[in-house]
Amino acid sequence: ARVHRAILQRLQRLATRDLREQAIRQEVFDAVDELSQNWQRIIAARQEAILAGRTYEAEQRQFDVGARTSTDVLDAASRLAEAQTREIVALTDYQITQVDIAFATGTLLGYGRVQWDPIDLPRGDRDVRRYDRVQSADRYDEALDADLPPLRQHADEHRPPVRR
Numbered sequence: 034a035r036v037h038r039a040i041l042q043r044l045q046r047l048a049t050r051d052l053r054e055q056a057i058r059q060e061v062f063d064a065v066d067e068l069s070q071n072w073q074r075i076i077a078a079r080q081e082a083i084l085a086g087r088t089y090e091a092e093q094r095q096f097d098v099g100a101r102t103s104t105d106v107l108d109a110a111s112r113l114a115e116a117q118t119r120e121i122v123a124l125t126d127y128q129i130t131q132v133d134i135a136f137a138t139g140t141l142l143g144y145g146r147v148q149w150d151p152i153d154l155p156r157g158d159r160d161v162r163r164y165d166r167v168q169s170a171d172r173y174d175e176a177l178d179a180d181l182p183p184l185r186q187h188a189d190e191h192r193p194p195v196r197r
């Protein structure tokens, strides 16, 4: 029975790992697709802004010779401003998607030169699992305060150098 239970647990862990791996892969693919779509939005918004700028200039020239009213020029200027706003939104969405890709692939920490070292938490009378059994917030704070000095010492010993 224990062997059967161990085999089932192992299969469950492998299935969970495969599902997690599949979810990460899907997140990366989705981010890459979104990046491609946002790049197309940038191109379309830029073309729209260029055309709106040309239309505005044409309306301005026609106004100068008396063929258009100031309302037509103001409408063209408004359409130009809206097109420029859509271009800016497309650019920011593209940059946000780049961050999403970095997050999905796990490259954010590496780019920031962050080193992630696991902390060996103290054991014995300061067992971390006891926090789960604490009933009130005051008791939780007391239990946490008892563990702070060793954790602060560990943090001070492993503090990264300050870059200037």
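The numbers in this note's numbering rise by one with no breaks, and the one at position 78 of the sequence shown is 111. Every residue gets a Cβ at the ideal spot worked out from N, C-alpha and C, and that includes glycine.
Just to confirm, are residue i and residue j a CB contact at a threshold of 7 Å?
i, j, result
"A123", "R74", "yes"
"A64", "D126", "no"
"E120", "A78", "yes"
"T130", "N71", "yes"
"E60", "A135", "no"
With distance defined between alpha-carbon atoms, name the residue in the options nearest to residue i.
i, options, result
"E90", "A77, R43, I76, D108", "D108"
"G139", "I129, I57, T104, E81", "I57"
"L84", "T130, Q131, F96, A110", "A110"
"G86", "R112, T118, A34", "R112"
Length at least 4, wholly inside the segment 63-95: the alpha helix (DSSP H) runs in chain order: none
Any contact of the segment 39-50 with the segment 88-103, i.e. 3+ C-beta pairs under 8 Å? no
Unbroken alpha helix (DSSP H) runs of length 4 or more, entirely within the segment 91-126: which are they? none
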